[in-house]
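In the UniProt record's numbering, the protein residues as written are 1 to 193.
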């Protein structure tokens, strides 16, 4: 059964609903997606390598979690659902970061991004994902021109870095907001930022 998605305006207001096959391949059809950036206590970002059969960015490294928001679905509910479906994790603490529009010649997405901390293990969906790995921010920055990453992830990464260039201060705030058990974690958590 084909997936149906909401076509929305730049503010997320629903214009209509259409099949995914109608929306993908037509960048004039803006649709909602959710991303979750999953960090470990060392400050490394979990990336997933997309399966080779995916229609978007096959075999490319991508955002920790990403997926479509179902018609009528709450955005936070979608983030939790996608994290469970993709990584086999029931997230305890998801925090909203920002929203933005990502557009290329294939599609246009209204992206809602959350973040969390999780050390694993991850029982990832092997039909969708070839592997997962934590990457340091430095390693990501040094690999941006390598062709390893999806253009969606590169946009997400630049958005994240531009909003949170003051990472140590930002993550101290985020860790305080999350509270235990993260506050008792590795004191070197921020060394990669």
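Even glycine gets a Cβ: it sits at the ideal position worked out from N, Cα and C.
Under the three-state reduction of DSSP, residue 158 is assigned to helix. Excluding residues up to 5 positions away in sequence, 50, 51, 52 lie with their Cβ nearer than 8 Å to the Cβ of residue 58 in the same chain. In this structure the stretch 153–165 does not lie against the stretch 69–89, because fewer than three pairs of beta carbons, one per stretch, are closer than 8 Å.
Counting other Cβ atoms within 10 Å of its Cβ, residue 162 stays below 16 and is therefore classed as exposed. One thing to note: residue 76 has its Cβ no nearer than 8 Å to the Cβ of residue 124. Counting along the chain, the unbroken beta strand (DSSP E) around residue 16 starts and ends at 14–19. For residue 94, no alpha helix (DSSP H) encloses it, and the DSSP letter there is neither H nor E. Residue 105 places its beta carbon less than 8 Å from that of residue 27. In the three-state DSSP reduction, residue 101 falls in the strand class (E or B).
With a 10 Å radius around the Cβ and a threshold of 16 neighbouring Cβ atoms, residue 74 comes out exposed. Partner residues in the beta bridge of residue 133, as assigned by DSSP, are 47. Residue range 108–117 is occupied by the beta strand (DSSP E) that includes residue 116.
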